[in-house]
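A.B. asks: I'd like to ask you about the structure that follows.
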Amino acid sequence: MTPPLLHLAAAQQSAPVTDWSARIAWTVGLLVFVVFVYWLMREGWKWRGRLQGDLPELPSTPAEPGEPQLTMTGRYHGSTTAGQWLDRIVARGLGTRSRAELSLTDQGLDVVRPGAQDFFVPAAALRGARLDKGIAGKVLPEGGLLIVTWAHGDKEIDSGFRSDRAGEHPAWAEALNKLGTAEHSTSTTEHNETEGAR
13 MTPPLLHLAA AQQSAPVTDW SARIAWTVGL LVFVVFVYWL MREGWKWRGR
63 LQGDLPELPS TPAEPGEPQL TMTGRYHGST TAGQWLDRIV ARGLGTRSRA
113 ELSLTDQGLD VVRPGAQDFF VPAAALRGAR LDKGIAGKVL PEGGLLIVTW
163 AHGDKEIDSG FRSDRAGEHP AWAEALNKLG TAEHSTSTTE HNETEGAR
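FYI, the numbering for the sequence shown is 13 to 210, going by this note's numbering.
In structure tokens form, the structure reads like this:
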């Protein structure tokens with residue numbers, strides 16, 4: 013009976029001792045690395061914002077925006093330079109993802125964002141809308157995003173929205189395209205008439 017007890021005692025004595033100093037050093041090193049990466053990301057965000065500092069102030073909602081044709085609740089996923097889904101725009105608060113409430117009227121698209129800057133896209137600035145799957149690093153199933161293309165200053169912007177009810181996207185794309193086309197035709201006609209009068 014004695015040998016098994018001796019083996020048990022030997023096994024207990026040879027149990028590895030936890031090296032707490034090494035574990036603490038690894039934990040501290042990992043935390044420092046995470047903080048450093050976060051700092052780099054934050055600095056990159058600020059740098060991009062400074063580069064885009066020439067972006068004009070965002071239009072605000074007119075006093076009388078008109079009767080809504082469509083309304084939608086969902087999420088705003090970000091904005092990019094039109095046609096470049098990874099070239100994120102962060103200036104003027106456009107880089108902040110948030111909840112969003114959209115209203116479409118004859119005057120344009122009103123975007124209300126709780127906790128972030130609201131903005132308004134005048135009908136004359138609308139360049140079109142489409143269904144897509146990705147914007148600003150956010151990828152969703154095919155057709156999961158409503159992308160609205162609009163002009164602001166000398167830049168064309170793609171802004172991505174996702175409705176709480178994705179089945180609404182096609183109706184929104186159609187209405188936005190129709191409003192943008194109608195406004196563009198009106199602007200072109202007025203411009204031609206002005207040029208003709210000269």
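We put the CB at the ideal spot given by N, CA and C, even for glycine.
For Val-102, which three-state DSSP category applies?
C.D. replies: Locating residue 102 in the sequence shown gives position 90, where the first residue counts as 1. Val-102: coil per DSSP, three-state reduction.
A.B. asks: Starting from the C-beta of Arg-104, find all residues in its chain whose C-beta is less than 6 Å away, skip the five residues before and the five after it, and write them out in chain order.
C.D. replies: Sequence index remark: in the sequence shown, residue 104 carries index 92 (1-based). So the list reads Leu-67 and Leu-70, once near-sequence residues are dropped.
A.B. asks: Can you have a look at Trp-97 and say buried or exposed, based on whether 16 or more other CB atoms are within 10 angstroms of its CB?
C.D. replies: For the purposes of this step, residue 97 is taken as the residue at position 85 of the sequence shown. Trp-97 should be labelled buried.
A.B. asks: By Cβ distance below 7 Å, which residues in the same chain neighbour Glu-79 in space, the five residues on each side in sequence not counted?
C.D. replies: On the sequence shown, position 67 is the one that residue 79 refers to. Excluding sequence neighbours, Glu-79 sits near Thr-117.
A.B. asks: Look up Leu-152 in the DSSP assignment and give the residues it is bridged to.
C.D. replies: On the sequence shown, position 140 is the one that residue 152 refers to. Leu-152 pairs with nothing; no bridge assigned.
A.B. asks: Going by beta carbon distance, what residues of the same chain come within less than 6 Å of Gly-155, once the five residues before and after it are set aside?
C.D. replies: Against the sequence shown, residue 155 aligns to sequence position 143. Taken in chain order, the residues that qualify are Leu-143.
A.B. asks: Report the option in Glu-113, Lys-150, Ala-75 and Trp-162 whose CA atom is closest to the CA atom of Arg-125.
C.D. replies: For the purposes of this step, residue 125 is identified with residue 113 of the sequence shown, where counting begins at 1. The option with the nearest alpha carbon to Arg-125 is Glu-113.
A.B. asks: Here's a check: name, in chain order, each residue in its chain whose Cβ is nearer than 6 Å to the Cβ of Ala-148, leaving out the five neighbours to either side.
C.D. replies: Along the sequence shown, read from residue 1 onward, the residue named residue 148 stands at position 136. Once the five neighbours on either side are set aside, the close Cβ partners of Ala-148 are Gly-90, Thr-92 and Arg-100.
A.B. asks: Determine which residues share a DSSP beta bridge with Thr-161 and list them.
C.D. replies: On the sequence shown, position 149 is the one that residue 161 refers to. DSSP lists Gly-140 and Asp-170 as partners of Thr-161.
A.B. asks: If Ser-110 and Tyr-88 are in contact, beta carbons under 8 Å, what's the gap, nearest whole angstrom?
C.D. replies: Along the sequence shown, read from residue 1 onward, the residue named residue 110 stands at position 98. Along the sequence shown, read from residue 1 onward, the residue named residue 88 stands at position 76. Going by Cβ atoms, the distance from Ser-110 to Tyr-88 rounds to 5 Å, so yes, they are a contact pair.
A.B. asks: Name the DSSP beta bridge partners of Pro-134, please?
C.D. replies: Within the sequence shown, residue 134 is the residue found at index 122, counting from 1. Partner(s): Gly-120.
A.B. asks: Have a look at Gly-120 and Val-102 and give me their C-alpha separation to the nearest angstrom.
C.D. replies: As a working mapping, residue 120 is identified with position 108 in the sequence shown. As a working mapping, residue 102 is identified with position 90 in the sequence shown. C-alpha separation (whole angstroms): 22 Å.
A.B. asks: Taking the alpha-carbon positions, what's the Trp-57 to His-181 distance?
C.D. replies: One-based indexing of the sequence shown puts residue 57 at position 45. One-based indexing of the sequence shown puts residue 181 at position 169. Unreliable placement is indicated for Trp-57, whose pLDDT of 49 sits below 50; the coordinate value is still reported in the next sentence. Those two C-alpha atoms are separated by around 30 Å.
A.B. asks: Determine whether the beta carbon atoms of Val-160 and Ser-175 lie at a separation below 8 Å.
C.D. replies: Residue numbering aside, residue 160 sits at position 148 when the sequence shown is read from its first letter. Residue numbering aside, residue 175 sits at position 163 when the sequence shown is read from its first letter. Taking 8 Å as the Cβ cut-off, Val-160 and Ser-175 do not qualify as a contacting pair.
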